[in-house]
Amino acid sequence: MGKKVKDYINALREHEYFPKTMAIIRIHIRSFKKNKYFIPTMAIVLFLIVTLGITMILKNFKGTKKFEGTIATNAAEQDFYDKKYDLAIADYTKLQEKDEWPIYNLKIAEIYSMEGDFIKSNELLKKVYEARNKIIDTQKKDLDKLQIKDKELTNYIVFTSLLNGDYKKAIEYGELFLQTYPNDKNLMKTMFTVYIANGDKDKAKEIIGQYSQNDENASDLASIAKMYMLLDDYDKGFESLKEAWDKDKNEISVFDVIAQIADYDETDILDKISKLEKKDPNELAYKMWEMKIYSMSKDSAKKAEELADKLGGEDVGNENLLLIKASIYQNLGETEKAKEVSDEIIKNNPNSFIGYHAAAWQAFNNENYDEAFKDCEKSVLANRDYSDNYGFLIPEILEKQNKTEESEPYFRTALYKDPLSFNIVIKTAEYYGNTIKDTSKALYYYDFASKLKQNDAEIYYNMALIQINNQRADDAAQLLKKCVSINNKEPKYHRALGTVYLNSEKNDDALKEIKSAYAIDKNDILTLNNAGCYYIAVDGDINRGLVNLKAAYDGINEKTSAEDKDTITANYNRVKNLSDAYNKKNGATLKIPDLKLFY
Numbered sequence: 169m170g171k172k173v174k175d176y177i178n179a180l181r182e183h184e185y186f187p188k189t190m191a192i193i194r195i196h197i198r199s200f201k202k203n204k205y206f207i208p209t210m211a212i213v214l215f216l217i218v219t220l221g222i223t224m225i226l227k228n229f230k231g232t233k234k235f236e237g238t239i240a241t242n243a244a245e246q247d248f249y250d251k252k253y254d255l256a257i258a259d260y261t262k263l264q265e266k267d268e269w270p271i272y273n274l275k276i277a278e279i280y281s282m283e284g285d286f287i288k289s290n291e292l293l294k295k296v297y298e299a300r301n302k303i304i305d306t307q308k309k310d311l312d313k314l315q316i317k318d319k320e321l322t323n324y325i326v327f328t329s330l331l332n333g334d335y336k337k338a339i340e341y342g343e344l345f346l347q348t349y350p351n352d353k354n355l356m357k358t359m360f361t362v363y364i365a366n367g368d369k370d371k372a373k374e375i376i377g378q379y380s381q382n383d384e385n386a387s388d389l390a391s392i393a394k395m396y397m398l399l400d401d402y403d404k405g406f407e408s409l410k411e412a413w414d415k416d417k418n419e420i421s422v423f424d425v426i427a428q429i430a431d432y433d434e435t436d437i438l439d440k441i442s443k444l445e446k447k448d449p450n451e452l453a454y455k456m457w458e459m460k461i462y463s464m465s466k467d468s469a470k471k472a473e474e475l476a477d478k479l480g481g482e483d484v485g486n487e488n489l490l491l492i493k494a495s496i497y498q499n500l501g502e503t504e505k506a507k508e509v510s511d512e513i514i515k516n517n518p519n520s521f522i523g524y525h526a527a528a529w530q531a532f533n534n535e536n537y538d539e540a541f542k543d544c545e546k547s548v549l550a551n552r553d554y555s556d557n558y559g560f561l562i563p564e565i566l567e568k569q570n571k572t573e574e575s576e577p578y579f580r581t582a583l584y585k586d587p588l589s590f591n592i593v594i595k596t597a598e599y600y601g602n603t604i605k606d607t608s609k610a611l612y613y614y615d616f617a618s619k620l621k622q623n624d625a626e627i628y629y630n631m632a633l634i635q636i637n638n639q640r641a642d643d644a645a646q647l648l649k650k651c652v653s654i655n656n657k658e659p660k661y662h663r664a665l666g667t668v669y670l671n672s673e674k675n676d677d678a679l680k681e682i683k684s685a686y687a688i689d690k691n692d693i694l695t696l697n698n699a700g701c702y703y704i705a706v707d708g709d710i711n712r713g714l715v716n717l718k719a720a721y722d723g724i725n726e727k728t729s730a731e732d733k734d735t736i737t738a739n740y741n742r743v744k745n746l747s748d749a750y751n752k753k754n755g756a757t758l759k760i761p762d763l764k765l766f767y
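According to our numbering, the sequence shown is numbered sequentially starting from 169.
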């Protein structure tokens, strides 16, 4: 108790109004000294002043303690992360009433943006911009003091305009702010994404040149690598990433880039790295990148372990090697080894975001999700700019806690922290489509993703699946045609288009696409299933249909999902059991609704 009282007294002494209050007291003491009522009057005055002061300090002290150790810095932000947006708006409004600087109105604009009310968001952004300009104009002598706050505000304005889909305004704001802060790397990264989304690759390349003029550390080079990759220039992307690796082999962001691009398209990325390795077989960076990718899956963790054994004595950066090993052992089911490695990382990085991040994953893997969340919060407090905590780790923890719906604000923060992260855009779209079932928002973010990567067929495929569920067959067909035009070697794009045509009774077009899918992969059980359904329902040829369905049934293996297995088995058994009764002459046919097709 004594310690707490001392804390309160010290806090009272350090309060901004304490010196002024004491000065006033001294003045009144001098004037009252000759008054016979001096002692009782001063006793009352001092009692009231001290009581009021302690009350204010206690209130502030408790308010601070409430958010100590959490990501949130105030009640409004806590409401935001709890996804209580109405309360957050109310609390931000109260905070803004006490603060001239318009940051809290900007936070409200962000919430409107997340809710899809872009009109309200843009209107408030305009007010924030005008309020900011007024303050800047009236405090020109103190601009240095405002610079940190202003950099945050201006970047947030551009970012929110971008996610509101107002690219023109985002460019207008951003180019103006870049004149004031030409070396602001956060703003440059946001503007790079703005230009890409607006289809202006030349301007995006200018940003890379501007970014590269500054002193670059390994983290900066990793960001440049991501920029090149978003421009679909993987040669320069990997070149910058290797340069980052050479500069600091323990830089975690180098391997975050590898993890993010491989998470979305592992086969293609491994193929690209393999080609680089053939040109320079002794380059350790390429082996480390391959090991990182293999470590991410149970199916390939053994390959990663073999590489780790080979690289054990090499100069490859101890911290990243340990992080990868922890993932390898976890995916191999060797939990004790995984714990030993994680403990070493934590020991090597006390009170750092990497150490806490490793501790959070360790708790997560031990199914201690509350502890994992606390450790992740500590990691955020140690480094608020590390986007992987917001965009990947916290959503994983929330999913295990059956709180997946609460991931939305964390995805938003992750994207603000790293506007170059295409993966977070995709994860946000998946969140809206799969978790919230808000197809409108899901399509919005997939469309945004398609602007960042215009030649990524998988984005259009996912959009097509949403349109199919929305019963918009024509829109789905157009999207699937786009997929085929980008990559006509992927059977599922042809198969899905064939199914859309078949359900729309465009039978000739359907058969053409089914045959195209079959020509690419004759062993694809989903295509064989669809072919069987077509021959039975359209041609009335049950024998030919049964041959295809049996081939699909026989092709089921341990890699086949339970849902696909059940569908193929049900279709096969239904046709097999009714085949004896089938007779063209009496018209006893199976119609397409009785059999399930794959997209």
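All C-beta atoms, glycine included, are put in the ideal place defined by N, C-alpha and C.
Predicted model, so just to flag it, every value in this text is computed and none were measured.
- Supposed contact pair residue 767 and residue 667 - C-beta distance, whole angstroms, cut 8 Å: 5 Å
- Query: Between the Cα of residue 252 and the Cα atoms of 527, 743, 727, 577, which residue gives the shortest distance?
  - Reply: Out of 527, 743, 727, 577, 577 has the C-alpha closest to the C-alpha of residue 252.
- Message: Less than 8 Å between CB atoms is the rule here; does residue 649 satisfy it with respect to chain D?
- Response: Checking the listed chains, one finds no chain D in this structure; it contains a single protein chain.
- Item | CB contact flag (residue 469, residue 493, <8 Å) | No, Cβ-Cβ distance for residue 469 and residue 493 is not below 8 Å.
- Task: Leaving aside the five residues before and after residue 122 along the sequence, list all residues of the same chain whose C-beta is less than 8 Å from its C-beta, in chain order.
- Result: The chain is shown from 169 up to 767; residue 122 falls before or after that span and cannot be answered.
- Which of helix, strand or coil does DSSP assign to residue 727? Looking at residue 727 - three-state DSSP - the assignment turns out to be coil, as it is neither helix nor strand.
- Message: For residue 343, count the other beta carbons within 10 Å of its own beta carbon; 16 or more makes it buried, fewer makes it exposed. Which is it?
- Response: Residue environment for residue 343: exposed (fewer than 16 other C-beta atoms within 10 angstroms of its C-beta).
- Query: Can you check whether the CB of residue 600 is closer than 8 Å to the CB of residue 582?
  - Reply: no
- Item | Pair within 8 Å by beta-carbon distance, residue 372 and residue 363 | In contact: residue 372 and residue 363 (Cβ atoms closer than 8 Å).
- Item | Candidates 642, 275, 640, 647, of which the one nearest residue 615 by Cα | 647
- Query: If you draw a straight line from the alpha carbon of residue 428 to that of residue 590, how long is it in whole angstroms?
  - Reply: 8 Å
- Task: Alpha carbon to alpha carbon, how far is residue 536 from residue 448? Give it in angstroms, no decimals.
- Result: 43 Å
- Check each candidate in 414, 561, 538, 554 and name the one with the smallest Cα separation from residue 521. The option with the nearest alpha carbon to residue 521 is 554.
- Query: What separation, rounded to the nearest whole angstrom, lies between the Cα atoms of residue 239 and residue 562?
  - Reply: 11 Å
- Message: By the DSSP assignment, the alpha helix (DSSP H) with residue 400 in it spans what residues?
- Response: Unbroken run through residue 400: none, as it is neither H nor E.
- Message: Suppose the cutoff is 6 Å on Cβ atoms and the five residues either side in sequence are ignored; what does the same chain contact list for residue 260 look like?
- Response: 244, 272, 275, 276
- Task: Within the same chain, show all residues whose beta-carbon is closer than 7 Å to that of residue 397, passing over the 5 residues directly before and after it, in chain order.
- Result: 405, 429
- Straight-line gap, residue 547 to residue 539 (C-alpha atoms, nearest Å): Answer to the nearest angstrom: the Cα atoms are 12 Å apart.
- Message: The alpha helix (DSSP H) that contains residue 477, what's its start and end?
- Response: 469-479
- Could you tell me the distance, in whole angstroms, from the CA atom of residue 226 to the CA atom of residue 497? The predicted position of residue 226 is uncertain, since its pLDDT is 39 and thus under 50; a value taken from the coordinates is nonetheless stated next. Approximately 49 Å, taken between the alpha carbons.
- Would DSSP call residue 586 helix, strand or coil? coil
- Check whether the stretch 632-647 touches the stretch 729-740, taking contact to mean three or more Cβ pairs, one atom from each stretch, closer than 8 Å. no
- Ignore the nearest five residues each way along the sequence and tell me which others in residue 196's own chain have a CB closer than 6 Å to its CB. Its pLDDT being 48, under 50, residue 196 is placed unreliably by the model, and the measurement read from it follows with that caveat. Taken in chain order, the list of residues that qualify is empty.
- Reducing DSSP to helix, strand and coil, say where residue 381 ends up. coil
- Task: Counting only runs of 3+ residues fully inside the stretch 317-359, write out the beta strand (DSSP E) ranges in chain order.
- Result: none
- Message: Check this for me: beta carbons of residue 573 and residue 592, under 8 Å apart or not?
- Response: no
- Presumed contact (8 Å Cβ cut-off) between residue 323 and residue 281, rounded CB distance: In fact, because the Cβ distance is near 15 Å, the residues do not count as touching under 8 Å.
- Task: Would you kindly work out how many angstroms separate the C-alpha atoms of residue 716 and residue 487, rounded to a whole number?
- Result: 52 Å
- Message: If I follow the unbroken alpha helix (DSSP H) through residue 685, where does it start and stop?
- Response: 675-688
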